[in-house]
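S.K.: Take a look at this one; I'll ask things after.
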Amino acid sequence: MTGELRMGGGSTAAFVATLAGIASGCRAPSVSTEPCPQPGVARFAGVDSIASPYDSAFAAAGAEFGVPASLLKAIAWVETRWQMVQGAEEFPGREPAFGVMALRGAALERGAELAGVPLERARRDPVSNIRAAAALLDAYATETRVDRSRPEQWGTLAARFSGIELPEGRTAYTREVYRALGPRAGPSAAAAPASCPKPPPVFGGAPDYSPAVWRASPNFNQRPADSTGVTHVVIIHTCESNYTSCWSWLLNPASQVSAHYLVSEDGGEISQLVLERDRAWHIAALYDCALNHEHDCWLEGVQSNDFTVGIEHAGFASQDSFPTSQLQASAALVCDVTRDRGIPRDWQHILAHGQLQPRNRIDPGPHWPWVAYVHQVQARCGEVVVDDSAQFNDPAFAVAAIPAAWPATAATPDYYGGGYRWVATLPDATDGAVFSFRLDAAGPRAVDARWTSGANRSPRAAYAVIGAAGDTLAIVRQDQTTGGGRWHALGTWAFPAGWSRVVLLRRDAAGLVVVADAVRVRQQ
Amino acid sequence: MEVHANGVAVTVRMICLDLVLLLSGACGRPAGARTAVVVPPQDTSAAFAGSMNAVRRARPGRRPAILRAVRVAPHAAYDRVVFEFAGDSAPGYEVEYADRPIRRCGSGDTVSLMGTGYLVVRFEPAQMHDERGNPTVARREWTPRLRAANEIKLVCDFEGQVEWVLGLPARRRYRVLETAAPARVIIDLRHEP
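Protein chains in written order, with the numbering used here: chain G, 1 to 524; chain A, 1001 to 1193.
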């Protein structure tokens, strides 16, 4: 290694690779000139890649009735996640669903009759329930003369099986079944050894985020025209239901609720429901800055929908964990929203519903991986932040070393992370706060610094920018008496691979304070 | 206040008698065959004392219960509000008087109510719509104009929470009862302060 700087596209690609380490599976975090790419979701390998408790029953019923066992398994996955449900009548006119296949009403009766099992057994016994469903699909296939060797024709039968009337709902259901079948698994090797279903068509073209599906909700109104209506916070929610059920409800004018976006369980699909410029109805609380590190207290009492973008996630706040692919898709979306709206990617601007509305909400719950998630959002947008506290850093890319003599505090708001460090200046001081960042390959990076401002701060705080080889690239002075809580550009330099660093120096005339909060390194 | 074993039995009969007026066939089985749960322990007599205090029962970690009926009816000394759920058990709930304004959970819009007593009834995990996005209770607000239960409005069905608010002429003491199979949460609002 010569230490020579490599410039241009090669280094950009290498940095991309670096970032991909943070957001693993993220193939191409885009640079700021391009929209965020479609979520680089690791595709679900299909239901055949996981064992279910009813595999032998799916196989036997499939063989008996000439229906792909994989299709039975996929429908059961979509309907019940392989649970034996014992339905209750949810409301007049809709019969309760029974069994792994969620058979109900006339379909249940017909399937049971075709399979030659008593109705009660078709309700309560999994094998009979699956046989009844297979018999029903067999009858549908015969009636409509589908070519049983062509997987895509089974999709329409699955939609009929669902009992959903709404064409949009049938399409969505079919897509879920195909997704459950996986990218390569055809509806059974027995029925279709050669041809496999095409992956579901890429739906997209939503107005503010093109990878998303546009499902326009009527539940919105206008944001205030004044400064309180400027979008600058993203709220993360869980919908406490599955994806289809969630968007179905948010589209219903009766619900009087909505969100701007909804991310499916596996991140394979995102719905946009409300334009970002419009006011979606996702949070009841009035803004209370005490719940957000005393940030933007001038907004105190403003209805939180006025200035936020709401992102729902299929799933539950009580979940023990969230699928990696869902988090990745969500992070790509939030990168796009924050870039388009000029929203900082930090701890005052990407928030939990439960944080702003603790009285009666906890979503997205205690197991939402906040630090890793915000790192993914930043990585998608081509940036790495080094905070003064290790708690907010990914140690593979960002490490801070602050002398113990520099006190920690959160007294002045608008810091990055959970607080900041400060120290009184000394003319002969030799110490400094070191913010180190690692690049896998050399390349140009813009560097920004952040502090909390106050009258006692140094008007000429010195930041030394030092390359990985130990050479000082620049010393940049910043006025910390103003501009707190915002990023301030120190400059752009070509950095070598390895750990470069920015050092906030303590040396200055006595009687001042320098604040070490965070340093950001970004692609341009 | 303790509820003894025979107290539970009394509750069951009383609820059945009350509900039989509202629900034909609700008490087809003998009362003793039914498992009724009264939570928290409260006076179950017709002339109950009640309380103004919040009543909370948390049941986290379940699938949302489907609310399928809401009924309001007058009784001799109180008005009864019944929330009935699909399935055998009720979700968690919080019942408490709240100050104005009451807000819708999605839009944050304020909800107007007559009178000066606003009793908020929140269920969680619960929903009032099915998997296809259709409401499971058609009527979302009405005005019974009873002595205590003046008005009732749905203010939330979102993210696993269903919230109703009852408008009373003034705050009245109340009690919360619960039955299983079918699952009901019952709120009795005293006519007299």
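For glycine and all other residues, C-beta sits at the position ideal for the given N, C-alpha and C.
1. State the DSSP-derived secondary structure class of G/S210, mapped to helix, strand or coil.
2. Whole-angstrom Cβ separation of G/A446 and G/A489, contact assumed at under 8 angstroms?
3. Under 9 angstroms between C-beta atoms, does A/N1053 make it to chain G?
4. To which residues does DSSP link A/T1179 through a beta bridge?
5. Please identify the residue among G/P253, G/A254 and G/E276 whose C-alpha is closest to the C-alpha of G/L262.
6. By how many angstroms is the C-alpha of G/Q328 removed from the C-alpha of G/S245?
7. Starting from A/R1107, find everything on chain G with Cβ-Cβ shorter than 7 angstroms and list it in chain order.
8. Roughly how many angstroms lie between the CA atoms of G/Q348 and G/V233, to the nearest whole one?
9. I'd like the span of the alpha helix (DSSP H) that includes G/W154, first residue to last.
10. Just list the beta strand (DSSP E) runs in the segment 217-298 of chain G, keeping only unbroken ones of 3 residues or longer that don't cross its boundaries, in chain order.
11. Which chain A residues are close to G/H232, counting only those with a beta carbon under 7 angstroms from its beta carbon?
12. Kindly list, in the order they appear in chain D, the residues whose Cβ is closer than 9 angstroms to that of A/D1157.
13. Output, in sequence order along the chain, the residues in the segment 260-287 of chain G whose CB is closer than 9 angstroms to any CB in chain A.
14. Do the segment 365-380 of chain G and the segment 291-309 of chain G make contact, defined as three or more Cβ pairs closer than 8 angstroms?
15. Between which residues of its own chain and A/H1004 is the CB-CB distance below 8 angstroms, once the five residues before and five after are set aside?
16. Taking the alpha carbon of A/A1073 as the reference point, which residue from A/E1163, A/T1143 and A/T1179 has its own alpha carbon closest?
17. Compare the C-beta of A/G1050 against all C-beta atoms of chain G and say whether one is closer than 9 angstroms.
18. Comparing alpha-carbon positions, which option in G/F58, G/P364 and G/F316 lies nearest A/R1063?
19. Can you name the residues of chain G whose CB is closer than 7 angstroms to the CB of A/R1209?
20. What first and last residue would you give for the beta strand (DSSP E) that runs through A/C1156?
21. Just curious, the beta strand (DSSP E) that G/I466 is in, first and last residue?
22. Would you check if the distance between the CB atom of A/V1155 and the CB atom of A/V1120 is smaller than 9 angstroms?
23. In the DSSP output, which residue or residues are listed as bridge partners for G/E79?
24. Can you check DSSP and say which residues form a bridge with G/T308?
25. Apply the 10 Å Cβ neighbour rule to G/I50 and answer buried if 16 or more other Cβ atoms are within range, or exposed otherwise.
26. Contact check, G/D508 vs G/T425 under 8 angstroms by CB: the rounded distance?
27. Using a beta-carbon distance below 9 angstroms, is A/S1024 in contact with chain G?
28. My understanding is that A/Y1093 touches A/G1117, with C-beta atoms under 8 angstroms, so please give their C-beta distance in whole angstroms.
29. Less than 9 angstroms between the C-beta atoms of G/I235 and G/S304, yes or no?
30. Between G/F397, G/S318, G/I402 and G/I343, which has its C-alpha nearest G/P364's C-alpha?
31. Which same chain residues end up closer than 6 angstroms to A/P1101 when comparing Cβ atoms and leaving out the 5 residues on each side of it in sequence?
32. Taking Cβ to Cβ, would you say G/A284 is nearer than 9 angstroms to G/Q357?
33. Leaving out five residues before and five after G/S52 in sequence, what residues of the same chain have Cβ atoms less than 8 angstroms from its Cβ?
34. Give me, in chain order, the residues of the same chain whose beta-carbon lies closer than 8 angstroms to that of A/V1070; leave out the 5 immediate sequence neighbours on both sides.
35. Out of curiosity, what's the CA-to-CA distance linking G/G382 and G/V521?
36. Helix, strand or coil for G/E120? Go by DSSP, reduced to three states.
M.R.: The structure says:
1. In the three-state scheme derived from DSSP, where H, G and I count as helix and E and B as strand, G/S210 is classed as coil.
2. With a Cβ gap of about 6 angstroms, G/A446 and G/A489 count as contacting.
3. Interface flag for A/N1053 against chain G is unset, since no Cβ pair is found closer than 9 angstroms.
4. Paired residue(s): A/R1184.
5. Of the listed residues, the one whose Cα sits closest to G/L262 is G/E276.
6. In this structure, the straight-line span from the alpha carbon of G/S245 to that of G/Q328 is close to 22 angstroms.
7. Per the sequence presented here, residue 1107 of chain A reads as Ser, with Arg not at that position. Per Cβ cutoff of 7 angstroms: Q256, W281 and N305.
8. For G/Q348 and G/V233, the gap between their C-alpha atoms comes out near 8 angstroms.
9. It spans P151 to S162 - the alpha helix (DSSP H) in which G/W154 sits, taken as one unbroken run.
10. Listed in chain order, they are 220-222, 233-236, 261-263, 270-272 and 278-280.
11. Neighbours of G/H232 on chain A: none; closest Cβ ~17 angstroms, over 7 angstroms.
12. In the displayed structure, chain D is absent; the protein chains listed are G and A.
13. Residues passing the 9 angstroms Cβ filter: R279, A280, W281, H282, I283, A284, A285 and L286.
14. Fewer than three Cβ pairs drawn from the segment 365-380 of chain G and the segment 291-309 of chain G lie within less than 8 angstroms of each other, which leaves the two stretches out of contact.
15. Residue placement at A/H1004 is flagged as unreliable, the pLDDT there being 39, under the threshold of 50; a coordinate-derived value is accordingly withheld.
16. Among A/E1163, A/T1143 and A/T1179, the Cα nearest to that of A/A1073 belongs to A/T1143.
17. No, A/G1050 lies away from the interface with chain G (no Cβ there is under 9 angstroms from its Cβ).
18. Of the listed residues, the one whose Cα sits closest to A/R1063 is G/F316.
19. Nothing can be reported for residue 1209 of chain A, as the shown portion of chain A is limited to 1001 through 1193.
20. E1151 to F1158 is the extent of the beta strand (DSSP E) around A/C1156.
21. For G/I466, the uninterrupted beta strand (DSSP E) run begins and ends at A461 to I466, by DSSP.
22. Taking 9 angstroms as the Cβ cut-off, A/V1155 and A/V1120 qualify as a contacting pair.
23. Partner(s): none; G/E79 has no beta bridge.
24. BP columns for G/T308 point to G/V233.
25. Classification for G/I50: exposed.
26. Cβ-Cβ separation between G/D508 and G/T425: approximately 4 angstroms, consistent with a contact (criterion under 8 angstroms).
27. With a pLDDT of 35 at A/S1024, under the threshold of 50, the modelled position of that residue is not reliable, and no figure is offered here.
28. Contact doesn't hold; Cβ gap of about 18 angstroms is too wide.
29. The Cβ-Cβ distance between G/I235 and G/S304 falls below 9 angstroms.
30. Nearest option by C-alpha distance: G/S318.
31. Excluding positions up to five away in sequence, the list reads T1110.
32. A contact, by the Cβ cut-off of 9 angstroms.
33. Counting only Cβ-Cβ distances below 8 angstroms, and skipping sequence neighbours, we find F58, K73, A76, W77 and W82.
34. Correct list, in chain order: V1081, V1082, F1083, E1084, V1137, R1139, I1152 and W1164.
35. For G/G382 and G/V521, the distance between alpha carbons rounds to 9 angstroms.
36. The answer is helix: DSSP assigns G/E120 an H, G or I state.
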